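Enquirer: Can you read through this structure? Questions will come right after.
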Amino acid sequence: MVNLGILKSGRIIFLLIVLALALVAIYPALWNEGVAIKGVVKDGPAYEAGIAQPKATSAPMTREVIKSINNIPIRNMEDYAAALKTLAVNTTAQLKTNKKTYRIVPQYKFDYVTLENESTYENRTTQLYNKTLNMSVNITEQVKVPKRVKVYDTSVVDLGLSVYNAPKSNIKMGLDLQGGTRALLEPAYELSQEQFDNLISVLEERINVYGIGDVSILPTKDLEGKQYIKIEIAGVTEEDVKNFIVSQGKFEAKIGNATVFAGGTDITYVCKSSECSGISYQEPCGKTADGKQWVCRFRFSITIKPEAAQRQAEATKNLDVISMGGQQYLSQKIDFYLDDVLVDSLNIGADLKGRAATDIEISGSGAGLTQAEAINDALNNMKRLQTILITGSLPVKLNIVQIDTISPTLGKEFTRSTLILAIVASIAVILVVFIKYREIRIVIPIALTLFAEIIIILGVAALIGWNIDLPSIAGIIVAVGTGVDDQIVITDETLRKEVAILSWKERFKRAFFIIMTAYATTVASLVPLLFAGAGMLKGFAITSIIGVSVGVFITRPAYAALIERILKEKRQ
Amino acid sequence: MSFKEKYVRFYDKHYKKLLFAAIVFFAIFAGFIVFNYIKTGELFQKGVSLKGGSIITVQLNKLVDVEKVQTELGKLTTEEFNVREFSSATGDKLGFIVETTLQNVSPVVSKIKSDYDVKTINVETVGPKLGQSFFRQMIVAILIAFILMALVVFVSFRVLLPSAYIILSAVVDILFSLAMVILLNVKISAAGIAAFLMLIGYSVDTDILLTTRVLKAREGATSERIYNAMSTGIVMTLAAMAATGIAYIATPSEVLKQIMMILFFGLMADLPSTWFQNAGLLKLYVEKKQKLAEEKAEEKEEEEENG
């Protein structure tokens with residue numbers, strides 16, 4: 001048996017502490033059952049029941065896990081799908097998670113249609129010093145956010161949640177192992193840094209609104225200075241990415257079949273100041289019929305070109321006037337279409353009938369759980385609408401230069417194969433080492449160090465939220481391979497016969513010269529990969545670099561201390 | 001006589017021949033690469049990720065004959081179109097993979113969906129411009145990696161020739177691996193180039209071990225030191241070859257397969273390139289240096305005698 005005295009070595013204690021921290025970071029829980037919440041659709045039943053939207057960057061094991069619905073236990077996705085089928089619209093259900101129990105009212109499934117490339121402004125105030133006035137003034141800038149609308153699907157009852165099988169550890173798998181879509185987007189022309197940042201924030205907002213959790217948007221530049229945006233979304237199809245996130249929109253306002261005006265071109269002015277835009281005070285905020293929600297209305301005025309006004313006069317002159325809630329409206333609404341899909345309908349004031357009015361008032365609504373939320377939502381909708389009318393569409397078209405979809409089943413197959421691979425490759429390496437030394441007391445420390453290294457690499461990956469994809473696994477294999485190499489160098493330097501000539505210390509010094517130089521060459525050859533090819537092989541480079549660094553600075557010193565003691569003991 | 005003594009005696013006698021054989025061996029492969037370049041106009045066959053096109057991975061419920069798929073689907077396009085088998089780690093056939101220079105593959109995908117019993121289908125498309133730009137960048141990455149690696153070696157050893165030998169050995173490993181890949185008709189992807197990059201860092205490990213032992217050790221003759229380094233280094237290389245070889249066989253992922261194959265061949269070449277080529281060159285270097293030192297010492301003695 002190995003003497004417990006080895007535990008006195010600082011290097012070994014350090015390794016054990018790091019190993020323990022890595023295990024905490026990985027948080028393995030193989031027995032974990034249920035489905036974890038990945039995303040909460042805004043305004044959906046789950047959102048209204050008070051379930052919080054998890055942060056995309058949060059560690060997998062901190063996710064809320066659904067354990068049962070109406071006391072039907074949920075162990076996996078199949079259970080969840082079956083439980084959903086037992087639910088009825090507007091019938092309260094009980095949903096139990098690992099954190100608390102919610103009362104939730106199922107609704108028909110709905111999706112948000114993001115108004116393609118339409119964005120709106122939000123005010124952001126910064127303080128600046130004005131020389132002439134000799135005082136600080138507030139400068140209000142406008143920041144873009146996109147507009148979106150609800151579209152219902154009455155064939156599916158839904159909770160407005162996107163879920164996945166509860167994670168069994170904090171290790172995040174890459175798209176190629178769990179399935180999903182990855183796209184590399186290139187702006188149609190080169191953007192300034194400001195435009196580029198703006199584009200990214202619009203894309204982020206679009207995806208947030210879509211209600212899916214595991215998304216990464218990564219703006220990158222390659223070695224040639226080209227701009228790219230890499231988007232990775234788990235569990236989403238290629239079509240979704242194309243339709244929801246990337247495509248550019250066309251906005252039209254129609255009355256009946258006649259197009260009255262289009263976003264951008266036909267509009268000369270949109271009022272955004274408080275005198276002619278804001279929450280409507282004629283129709284104060286109120287609760288909906290079921291008393292659950294607050295609704296607020298907004299209105300603002302716009303000016304359209306005379307040609308567009310003429311078209312409007314033509315379109316409205318034969319319409320009837322109807323009365324609704326004390327207000328006079330025309331019998332047909334003005335419909336807003338985005339890419340030929342109806343996204344919103346607004347009432348037209350009766351006074352506009354047949355008139356070539358260039359000044360038009362537009363109204364709409366917003367809803368929320370509280371009055372404040374409803375006001376906020378209404379104002380947001382207003383801002384979005386205003387921007388659609390001003391800008392028409394985003395200034396730049398995005399080209400998909402690479403798109404990649406991997407089905408979850410293929411991902412599972414890859415994961416399974418990779419596990420087998422890791423085990424078999426480790427056994428092969430250990431076998432080679434055993435054949436060389438034929439000494440179990442050397443092979444066991446090498447094997448233990450090898451596994452400690454894998455755990456620490458995974459721990460670091462879990463800690464920094466790095467997704468383990470196939471190239472990352474290649475990186476781990478390579479790093480562990482180098483690790484074994486170094487242990488062989490240390491063992492041989494320690495075992496060498498000329499004990500009398502060199503002290504232990506000197507021999508370790510030489511072994512570490514070899515190891516450090518080899519380490520430096522490996523890192524040097526990997527660094528260019530961090531930047532080349534729009535970061536597509538970053539995973540390989542990062543895990544390799546983490547792996548060899550962990551090896552050189554943590555596991556190898558501990559191994560050296562261990563083997564020194566073992567061999568000394570043996571000699572005595 | 002121990003094996004060590006036998007080897008040292010043998011090596012002392014024949015090291016120049018071994019060195020020569022290694023150089024001729026690698027020169028043949030270098031010549032082959034040049035010949036191939038002149039013949040095809042390309043250094044190697046580029047995969048979809050480097051030249052643009054699509055990869056369709058199809059998992060089937062009911063397996064079909066790959067050659068039949070090739071003839072049936074190949075009719076749809078005049079572009080380059082290759083179908084090959086796709087199997088799992090345990091060797092079970094899962095379906096087929098289509099690699100084509102086509103950009104718009106939706107007609108092919110719908111035909112696959114209608115004609116075969118499809119379980120899953122994955123499409124990866126790379127634009128041609130992106131592919132070319134990837135390729136250029138990967139070449140730049142390799143050059144930068146090489147320069148950085150060379151710098152590290154020079155700074156560590158601070159002697160010109162032995163450092164140059166280490167770098168030469170890395171070049172030779174890459175050339176051999178590249179030649180094997182060309183011979184086996186493999187289309188190299190971006191991941192494959194990453195593997196060549198990795199090889200740069202990996203293949204010099206044994207050379208660093210050898211050079212350190214030969215130049216910095218204080219005991220034994222040069223050949224003995226070479227033998228000692230070799231007994232360590234060969235195990236290192238064999239362990240890595242075992243890991244990469246098994247990983248190659250076990251993974252269904254094309255990305256991993258290619259990385260492992262390139263590493264495996266590079267490691268294979270590393271055995272002669274380190275233990276015959278680099279060791280031989282080092283031995284020549286050390287002997288020349290010793291001779292110079294002896295001559296100097298003699299001169300000094302003579303001077304002393306005369307003075």
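Line by line, the protein sequences are chains P and A. Letter by letter, the first sequence follows residues 1 to 572 in this note's numbering. Letter by letter, the second sequence follows residues 1 to 307 in this note's numbering. C-beta: ideal position from N, C-alpha, C; glycine also. These numbers were taken from a predicted model, which means no experiment stands behind them.
What in chain A is Cβ-close to S407(P), meaning under 8 Å?
Expert: Near S407(P) (Cβ distances below 8 Å), the residues of chain A are Q59, T120, I121 and N122.
Enquirer: Can you pull the chain A residues whose beta carbon is under 9 Å from the beta carbon of R510(P), in chain order?
Expert: Going along chain A in sequence order, the residues near R510(P) (Cβ under 9 Å) are T212, R213, K216 and A217.
Enquirer: Does any CB atom of chain P fall closer than 8 Å to the CB of A190(A)?
Expert: Interface residue, yes.
Enquirer: So, is R182(P) buried or exposed, given that buried needs 16 or more other C-beta atoms within 10 angstroms?
Expert: R182(P) comes out buried.
Enquirer: Determine, using beta-carbon pairs with one atom in the stretch 47–63 of chain A and one in the stretch 124–138 of chain A, whether at least three such pairs fall under 8 Å.
Expert: With the cut-off at 8 Å, the stretch 47–63 of chain A and the stretch 124–138 of chain A touch.
Enquirer: Helix or strand or just coil, what does DSSP make of V101(A)?
Expert: Here residue 101(A) is Thr; the residue named in the question, Val, does not match the sequence. DSSP places T101(A) in coil when its eight states are reduced to three.
Enquirer: Please confirm if the stretch 237–246 of chain A is in contact with the stretch 166–182 of chain A, defined as three or more CB-CB distances below 8 Å between the two stretches.
Expert: Not touching, per the Cβ criterion.
Enquirer: Using a Cβ cut-off of 7 Å, pull out every chain P residue sitting near M236(A), in sequence order please.
Expert: Result: D485 and I488.
Enquirer: Give the range of the alpha helix (DSSP H) segment to which P306(P) is assigned.
Expert: P306 to T316 is the span of the alpha helix (DSSP H), which, as asked, contains P306(P).
Enquirer: Can you tell me which of the three DSSP states Q59(A) falls into?
Expert: DSSP places Q59(A) in strand when its eight states are reduced to three.
Enquirer: Contact criterion: CB-CB distance below 8 Å. Does S162(P) meet it with respect to chain A?
Expert: No, S162(P) does not count as interfacial toward chain A.
Enquirer: How is the beta strand (DSSP E) around K216(A) delimited, first residue to last?
Expert: Element bounds for K216(A): not the beta strand (DSSP E) but the alpha helix (DSSP H), A190 to K216.
Enquirer: CB-CB under 8 Å to A258(P), same chain, minus the five flanking residues each way: which ones, in chain order?
Expert: Taken in chain order, the residues that qualify are R311, E314 and A315.
Enquirer: Out of curiosity, what's the CA-to-CA distance linking E64(P) and L185(P)?
Expert: If I take the Cα positions, the gap works out to 32 Å.
Enquirer: Let me check understanding here. Comparing Cα to Cα, which of I112(A), E67(A) and N82(A) lies closest to N61(A)?
Expert: If we check each option's Cα against that of N61(A), I112(A) comes out closest.
Enquirer: Chain P beta carbons: is any one of them nearer than 8 Å to that of V204(A)?
Expert: Interface residue, yes.
Enquirer: Just the chain C side, please: which residues come within less than 8 Å of Q132(A) by C-beta, in chain order?
Expert: Annotation note: the requested chain C is absent from the structure, which comprises protein chains P and A.
Enquirer: 8 Å is my cut-off, CB to CB: does G201(A) come that close to chain P?
Expert: At least one chain P Cβ lies under 8 Å of G201(A).
Enquirer: Considering only C-alpha positions, which residue in the set G266(A), L175(A) and N278(A) is nearest to F32(A)?
Expert: Out of G266(A), L175(A) and N278(A), L175(A) has the C-alpha closest to the C-alpha of F32(A).
Enquirer: Per DSSP, what kind of secondary structure is D359(P) in: helix, strand or coil?
Expert: Residue state, collapsed to three classes: strand.
Enquirer: Could you check whether the Cβ of T522(P) sits closer than 8 Å to any Cβ belonging to chain A?
Expert: Yes, its Cβ sits closer than 8 Å to a Cβ of chain A.
Enquirer: In or out: Y15(A) buried (at least 16 other Cβ within 10 Å) or exposed?
Expert: Answer is buried; the Cβ neighbour count reaches 16.
Enquirer: Can you tell me whether DSSP reads L161(P) as helix, strand or coil?
Expert: It is a strand residue.
Enquirer: Using beta carbons (cut-off 8 Å, strictly below), is I97(A) in contact with chain P?
Expert: Judged by the 8 Å Cβ criterion, I97(A) is not in contact with chain P.
Enquirer: Using the C-alpha atoms, what's the distance from Y80(P) back to L87(P)?
Expert: Straight-line Cα distance between these residues: approximately 11 Å.
Enquirer: From R84(A) to F276(A), what does the alpha carbon distance come to, in whole angstroms?
Expert: Their Cα atoms are separated by approximately 39 Å.
Enquirer: Determine the burial state of F451(P): buried for a count of at least 16 other Cβ atoms within 10 Å of its Cβ, exposed for fewer.
Expert: By the neighbour-count rule (16 or more Cβ atoms within 10 Å), F451(P) is not buried but exposed.
Enquirer: Got a sec: is the Cβ-Cβ distance from Q178(P) to anything in chain A below 8 Å?
Expert: So, not an interface residue.
Enquirer: Would you say K168(P) and P28(P) are within 8 Å of each other, going by their C-beta atoms?
Expert: Yes, the pair counts as a contact, with Cβ atoms nearer than the cut-off.
Enquirer: Please decide whether L197(A) counts as near chain P, where near means a Cβ-Cβ distance under 8 Å.
Expert: Answer yes: the Cβ-Cβ gap between L197(A) and chain P drops below 8 Å somewhere.
Enquirer: According to DSSP, which residues form a beta bridge with P219(P)?
Expert: Beta-bridge pairing links P219(P) to I229(P).
Enquirer: Tell me whether G95(A) is buried or exposed, calling it buried when 16 or more other Cβ atoms sit within 10 Å of its Cβ.
Expert: Buried, since its Cβ has 16 or more Cβ neighbours within 10 Å.
Enquirer: Take the Cβ of F44(A) as the centre, count every other Cβ of all protein chains shown within 10 Å, and call the residue buried at 16 or more, exposed below.
Expert: Buried is the call here.
Enquirer: Using only CA atoms, which one of A297(A), V204(A), L281(A) and K257(A) lies nearest to I477(P)?
Expert: I477(P) has its Cα closest to that of K257(A), out of A297(A), V204(A), L281(A) and K257(A).
Enquirer: Name the residues in the stretch 238–257 of chain A whose C-beta lies less than 7 Å from a C-beta of chain P; which are they?
Expert: Listed by position along the chain: L238, A239, A240, A242, A243, I246, A247, A250, T251, P252, S253, V255 and L256.
Enquirer: At least one CB of chain P closer than 8 Å to the CB of M149(A): is that the case?
Expert: Output row for M149(A): interface = yes.
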